[in-house]
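Just so you know, the sequence shown maps onto residues 2 to 138 in the numbering used here. All C-beta atoms in this analysis are idealised placements derived from N, C-alpha and C, irrespective of residue type, glycine included.
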Amino acid sequence: MERTLSIIKPDAVAKGVIGKILDRFESNGLKIAATRKMQLSRADAEAFYAAHSERSFFNDLVDFMVSGPVVVSVLEGENAMKINRDLMGATNPKEAEAGTIRADFAENIDANAVHGSDSLESAAIEIAFFFSQREIS
Ligand code: GDP
Numbered sequence: 002m003e004r005t006l007s008i009i010k011p012d013a014v015a016k017g018v019i020g021k022i023l024d025r026f027e028s029n030g031l032k033i034a035a036t037r038k039m040q041l042s043r044a045d046a047e048a049f050y051a052a053h054s055e056r057s058f059f060n061d062l063v064d065f066m067v068s069g070p071v072v073v074s075v076l077e078g079e080n081a082m083k084i085n086r087d088l089m090g091a092t093n094p095k096e097a098e099a100g101t102i103r104a105d106f107a108e109n110i111d112a113n114a115v116h117g118s119d120s121l122e123s124a125a126i127e128i129a130f131f132f133s134q135r136e137i138s
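Structure below.
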C-alpha cells in the first residue's frame, strides 16, 4: 500500500472541477486518505517547489500557485504514486494523452491543473509538508 500527494492547482479549482478530478482518483482505485482546500502563502509555494528554485520559470510557478486556492490530498492504494502520475498525463497538457486529467482540464504548462509526487521519497516529504499523521486515515 502506497501514499502519494496530489494538488488540484488554482486553475482547476477556479474552473470548478474539484469533484471531477477527485472522481478520477476514486474511480481508479485510489482512496482519498486526507484532503483540504487551502490558500498557499508565497512562503508555502516557494518551500514546496524549492527543488525548482534555480529554474527560469520558478517565479511564474510560485505566482501561479498562490493565485487562488488549491486542494491538497493524500491518495492511497496499491501503486498509488504511479497510478496518479498516469492519471495526470504529461506536464505539458499539449503532450498529455487523451483521457488524462491534464488533457481534459489543463490549458498550458504554466496552468496544468494538478501536481502529483514523482517518487515515493518525494511523496513522503510532500505529505508531511501538508498533513499531520492524525489527519490521514
Ligand atoms: P510535474 O511533476 O509533471 O508537475 O513537472 P515538473 O516537476 O517538471 O515541474 C513542476 C511544475 O513546474 C509543472 O507542473 C509546471 O506547473 C511547472 N513548469 C514546468 N516546466 C515549466 C515551464 O517551462 N514553464 C512554466 N511556466 N512552468 C513550468
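Just measuring C-alpha positions, the residue of Ile22, Lys83, Asp87, Pro94 sitting nearest alanine 124 is Lys83. With contacts defined as CB atoms closer than 8 Å, phenylalanine 131 and alanine 13 fail to qualify as a contacting pair.
In terms of side-chain proximity, the C-beta atom of isoleucine 110 is found nearer than 7 Å to a non-hydrogen atom of ligand 1. With contacts defined by Cβ atoms closer than 8 Å, glycine 78 and methionine 2 form a contacting pair. About 6 Å separates the Cβ atoms of methionine 39 and proline 70, confirming a contact at the 8 Å cut-off. With fewer than 16 neighbouring CB atoms inside 10 Å of its own CB, asparagine 60 falls in the exposed class.
Threonine 92 and glutamate 98 have their alpha carbons spaced roughly 11 Å apart. A straight line joining the alpha-carbon of aspartate 119 with that of alanine 104 spans about 18 Å.
Taking the C-beta atoms as reference points, serine 42 is found nearer than 8 Å to valine 67. At a cut-off of 3 residues, the continuous stretches assigned as beta strand (DSSP E) that sit fully inside the segment 8-80 are 32-39, 71-78. With a threshold of 7 Å, the Cβ atom of asparagine 113 counts as near ligand 1, since some heavy atom of the ligand is closer than that. Remark: the C-beta of aspartate 12 is outside contact range of ligand 1, defined as less than 7 Å to any heavy atom. Around the beta-carbon of phenylalanine 49, 16 or more other beta-carbon atoms lie within 10 Å, marking it buried.
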